[in-house]
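Novice:
Residue numbers (our numbering): 78 to 702.
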């Protein structure tokens, strides 16, 4: 397989998996539940944004039969009281009246009056229930019957309104259509509804729904408009406490509002109201809102709440999926990509909520947000795995774990440093630190192997920690010593590298002195070290083959540091002797004053024609120990 194609497929695989997970997520109930939860939250926050002072083409009012009315008149309310209420409303000029009570059987006294009123008052509408097969008041003309069936979502919350069902008999019309026809003196609202654009109505995948049973002509109910409905009690109406001017030209619905009757429903506001009492709304309130919503729909030619179609939502989700890929792949640092995805997710969620809150456009939040986060998350996961792979590769190439600081630098510059799983060969100016334990052979003859290793590791640990702390890299161990490099594979500046090397050596001097005090209390041999430090040009890069690769540092600087460490061993009079070349001291610049020096003058170095000017970093004298 072509290498470029293979790399492309490897890069695309996590995003393909993310897309598959997104597809599986969409078909789960969780996706729709998240959409509906967000819808309910935003809808409930809109309640006070629509005041009762908003002008309406038609006034809708409710005569509620509450607990107080039931105490006065009993339950069920007799036909006589209902007829008196209907007569009063009719006399006051109500444009249409709906009796939102089932009366297939009369309730005495005067149990024939409702049949008389329904046959003589054409403005009076009787309800029927299609799903449960409950008929209207006996003798009700077909044109005065309206079904009051409510559509309930799977979570038992009412959010939608079934306005109309096409190709039904003349007596099958919704309560809201019948009331508006009577109030407006028309008989063709069904045809007007059917002529509205298809985008007006809910389909199975509009808004936040997935596979909605979109039977007939359905819209979302604007519950934020409930405050535009006027409410009266049955007792106030019968006692004449309502002005005729308030009733005149109003569509009036009579129905139960008492909790004991249990004609109550859960709405979007139920879960987010600022009250200890769980909010449920009487059915008559919902029917009044249906009338008001349908009136606004016919007047404006579009619903109050406008769900976005599935095609638009899919396109948005695709764009956000691509955005997630772009954010995940573009920044050099994974952390920046993660922050970018987080900001983008918050922006998208905020934008979707804003559209619903301010413009009444409803877009399901789960699919767009899922597309963004899953694509971005897939990209972060891919980069994280690649990062770990590169880190392992770098560690393998270096031959040991580098310091955190070095590792971060290596990662930032991996593209410049690595090629085909190898460090590129480079010429670099570095500072080399070479260390070795004194009298190791003699001490090894006096200790058991396990004791010797433990003793040696205590000193080497100090050296490694000091090199690591000061940004160096331990390149290799040489039996009882080590080779450390400052400035490779990455440099923080030639002067900085030299300064850190000498500071590391100074720290080793101090810590070995403390270690020897511990060794003395344990009756163990004290530790003495020799260190050579030299700066110069070296060749760095990967040596070996696929089975064994090593990060090599080769050059005169390495040889010089090694010779400085081992030269004139008999002149050592400190616990840790540190010899530093003039090449390194020249690079220290102002930092040279941090240290105390003892000049050794010029020394010949094996394998080098030119002598090296050497200084000893002052340390603790052997006599003081």
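By construction, the Cβ of each residue, glycine as well, lies at the ideal position given by its N, Cα and C atoms. Please read all numbers here as calculations on a predicted model, not as lab measurements.
1. Is residue 250 helix, strand or coil by DSSP?
2. Classify residue 452: buried if its beta carbon has 16 or more other beta carbons within 10 angstroms, exposed otherwise.
3. Just the Cα atoms here: how many angstroms apart are residue 690 and residue 659?
4. Kindly provide the ranges of any beta strand (DSSP E) runs that are 3 or more residues long and lie completely inside the stretch 631–669, ordered along the chain.
5. Run through the stretch 527–593 for me and flag every whole beta strand (DSSP E) of 3 or more residues, listed as ranges in chain order.
6. Are the CB atoms of residue 302 and residue 279 nearer to each other than 7 angstroms?
7. According to the Cβ coordinates, are residue 578 and residue 510 closer than 7 angstroms?
8. Is the number of C-beta pairs between the stretch 324–337 and the stretch 206–223 that are closer than 8 angstroms three or more?
9. Which residues does DSSP list as the beta-bridge partners of residue 629?
10. First and last residue of the beta strand (DSSP E) that includes residue 120?
11. Should residue 130 go down as buried or exposed, given a rule of 16 or more other Cβ atoms within 10 Å for buried?
12. May I ask you to list the residues that DSSP assigns as paired with residue 175?
13. For residue 602, tell me which candidate among 692, 652, 326 and 358 has the shortest Cα-Cα distance.
14. Less than 7 angstroms between the C-beta atoms of residue 285 and residue 112, yes or no?
15. Determine the contact status of residue 342 and residue 141, defining contact as a CB-CB distance below 7 angstroms.
16. Tell me, please, which residues DSSP counts as bridged to residue 307.
17. For residue 379, which residues of its own chain have a beta-carbon under 7 angstroms away from its beta-carbon, when the five flanking residues on both sides are left out?
18. Using three-state DSSP, classify residue 150 as helix, strand or coil.
19. Residue 274 to residue 254, Cα distance in whole Å?
20. Could you say if the stretch 526–545 and the stretch 600–618 meet the contact criterion of at least three C-beta pairs nearer than 8 angstroms?
21. Helix, strand or coil for residue 504 per DSSP?
22. Report back the beta-carbon spacing between residue 582 and residue 611 to the nearest angstrom; my notes put them in contact at under 8 angstroms.
23. Considering only the alpha carbon of each residue, which of 220, 283, 529 and 103 lies closest to residue 252?
24. For residue 549 and residue 584, I'd like the C-alpha separation in whole angstroms.
25. Taking the Cβ atom as the reference point for each residue, do residue 183 and residue 156 lie within a distance shorter than 7 angstroms?
26. Give me, in chain order, the residues of the same chain whose beta-carbon lies closer than 6 angstroms to that of residue 572; leave out the 5 immediate sequence neighbours on both sides.
27. Would residue 507 and residue 564 qualify as a contact pair, given that the criterion is a beta-carbon distance under 7 angstroms?
28. Buried or exposed for residue 90, going by 16 or more other Cβ atoms inside 10 Å?
29. Where residue 553 and residue 560 are concerned, what is the direct C-alpha to C-alpha distance, given to the nearest angstrom?
Specialist: Quick look at the numbers:
1. In this structure, residue 250 counts as coil in the three-state DSSP scheme.
2. Under this definition residue 452 is a buried residue.
3. So the two alpha carbons sit approximately 5 angstroms from each other.
4. Runs found: 653–658.
5. If we require 3 residues or more, the beta strand (DSSP E) runs fully inside the stretch 527–593 come out as 550–555 and 558–563.
6. No. Outside cutoff.
7. Between residue 578 and residue 510, the C-beta gap is smaller than 7 angstroms, which places the two residues in contact.
8. Remark: fewer than three beta-carbon pairs, one from each stretch, lie closer than 8 angstroms, so the stretch 324–337 and the stretch 206–223 are not flagged as touching.
9. According to DSSP, residue 629 bridges with 618.
10. Note, residue 120: premise wrong, no beta strand (DSSP E); alpha helix (DSSP H) at 106–122.
11. With a pLDDT of 39 at residue 130, under the threshold of 50, the modelled position of that residue is not reliable, and the figure given next carries that caveat. Exposed, by the Cβ-count rule.
12. Per DSSP, 202 and 330.
13. Among 692, 652, 326 and 358, the Cα nearest to that of residue 602 is on 652.
14. Their beta carbons are under 7 angstroms apart, which means residue 285 touches residue 112 by this criterion.
15. The beta carbons of residue 342 and residue 141 sit no closer together than 7 angstroms.
16. Per DSSP, 138.
17. Closer than 7 angstroms at Cβ, skipping near neighbours: 277.
18. Of the three classes helix, strand and coil, the one that applies to residue 150 here is helix, per DSSP.
19. Going from the Cα of residue 274 to the Cα of residue 254 covers about 18 angstroms.
20. Yes: at least three Cβ pairs fall under 8 angstroms.
21. Residue state, collapsed to three classes: strand.
22. No, residue 582 and residue 611 are not in contact; Cβ-Cβ is about 12 angstroms, not under 8 angstroms.
23. Measuring from the Cα of residue 252, the nearest candidate turns out to be 220.
24. Going by C-alpha positions, residue 549 is about 13 angstroms away from residue 584.
25. In this structure, residue 156 lies closer than 7 angstroms to residue 183 by Cβ.
26. Counting only Cβ-Cβ distances below 6 angstroms, and skipping sequence neighbours, we find 664 and 666.
27. With a cutoff of 7 angstroms on beta-carbon distance, residue 507 and residue 564 are scored as near each other.
28. By the neighbour-count rule (16 or more Cβ atoms within 10 Å), residue 90 is not buried but exposed.
29. Counting only the Cα atoms, residue 560 lies some 5 angstroms from residue 553.
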